[in-house]
Amino acid sequence: MSLIFTPTSRDALRKSTLALSVALSLISAPLAHALTFNVTYDASVGSAPVGFTSAFGDAIGYFQSTFSNPVSINLNVGWGEVSGQPLGGALGASSSYFVNYDYGTVRNALLNVAAPGYLPVTDPTNGRLIDVNTANAKVLGLNTYSGPHSSDGAVGFDSASQWTFDPNNRAVSGSYDFIGVAMHEISEVMGRSSSLVPTCTGSGCSESVQDLFRYTAPGQLDLTGTNAYLSINGGTSQVNAFNGDPTRGDLGDWNGNTPDAYNYAAATGQLLPASAGDITAMRALGYTLATPVPVPDSALLLLSGLALTVWLARRRKTQDLQPG
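Counting in the working numbering, the sequence shown runs from 34 upward without gaps.
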């Protein structure tokens, strides 16, 4: 395979009084042979407030308790920066490495891990390459790259915003739910993202794994990033609606009709709950549920086939939570 490095791209997690975003946490020791995270804190974290690393550990604990895939995800964490770059006013940001595969390879990999999503035999993307975050590629048994970039991605958090780090008091007036925002960003490194570009319609366009479950109607896969919804049965039923406006937030986030962990925006003073749809979104990417599965509540949230030439690239996502 050949490897090509490309510049980072940005998304944004937005501040809003109307829409919530991001996730929850649950403290639990990882199960044997379960999903694990190798977390490296950047030097910037030395200036983070008391409670920052503990709350981030709570967010990590949710994923390690919820999913059982026997892989390790390598993650860097920054305070006021992500991968050494400023957040530009965003509450949180993520940066990920990804590899490209053809549809058939990704389909076979998802079938091999019994992911619960409908994938037609015939390529519905018109030959587009599929961006697979390296963390997700590990889960799917696709990540064969062994180069100098051992990190699967990075997350960073705004140092100017007011946060609450207390897992037992996450709805604090004037403060953002840090654990929720952390969950949002971590899940993006894990692969919960969109690669669609509304203005891209040619053969050079690509999709993410999540985009394979993005529908506008039964049997109609969304290839343009317009208003669409997540469906794991070919568009027949809707898990949740996606954000369809890239100018206000990530296309891979929920539209924000109801408070949810993965909405495109967040507000102060609000607990950011998880939903069954959030877990379904991760399962569609190939993440396997642990047994027993933690149930979030108001206090505790949270290759076969021939591959095309493989590119390794870093993508940066930022999500802004905007005050109203």
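By construction, the Cβ of each residue, glycine as well, lies at the ideal position given by its N, Cα and C atoms. Given the structure is predicted, the values throughout are model-derived calculations rather than measurements.
Checklist entry - Mind checking T155: buried by the 16 CB within 10 Å criterion, or exposed? => result exposed
Checklist entry - For V205, which of Q303, T73, Y295 and S239 has the nearest alpha-carbon? => result Q303
Item to check | Beta-bridge partners of V110, as assigned by DSSP | outcome: Y74 and V188
Item to check | Presumed contact (8 Å Cβ cut-off) between D185 and T167, rounded CB distance | outcome: 5 Å
Next on the checklist: At 4 residues or longer, what runs of the alpha helix (DSSP H) sit wholly inside the region 79–162?
Outcome noted: 85–99 and 136–145
Next on the checklist: For G174 and Y136, what's the separation of their Cα atoms in angstroms?
Outcome noted: 15 Å
Checklist entry - Between F100 and L124, which are expected to be in contact by the criterion C-beta below 8 Å, what is the C-beta distance as a whole number of angstroms? => result No, F100 and L124 are not in contact; Cβ-Cβ is about 24 Å, not under 8 Å.
Next on the checklist: Please report the straight-line C-alpha distance between I265 and P251, rounded to a whole angstrom.
Outcome noted: 11 Å
Checklist entry - Quick one: is P306 buried, meaning 16 or more other Cβ sit within 10 Å of its Cβ, or exposed? => result buried
Checklist entry - For F246, which residues of its own chain have a beta-carbon under 7 Å away from its beta-carbon, when the five flanking residues on both sides are left out? => result G150, L263, S264, I265 and A317
Item to check | Length at least 3, wholly inside the region 227–280: the beta strand (DSSP E) runs in chain order | outcome: 239–241 and 247–250
Checklist entry - Excluding the five sequence neighbours on either side, which residues of its own chain have a C-beta within less than 7 Å of the C-beta of S194, listed in chain order? => result L124 and Y209
Checklist entry - How big is the Cα-Cα spacing for V326 and V104? => result In this prediction, V326 scores a pLDDT of 47, lower than 50, which makes its location untrustworthy; the coordinate-derived value is nonetheless stated afterwards. Spanning the two alpha carbons is a distance of roughly 18 Å.
Checklist entry - Around the Cβ of P200, are there at least 16 other Cβ atoms within 10 angstroms (buried) or fewer (exposed)? => result buried
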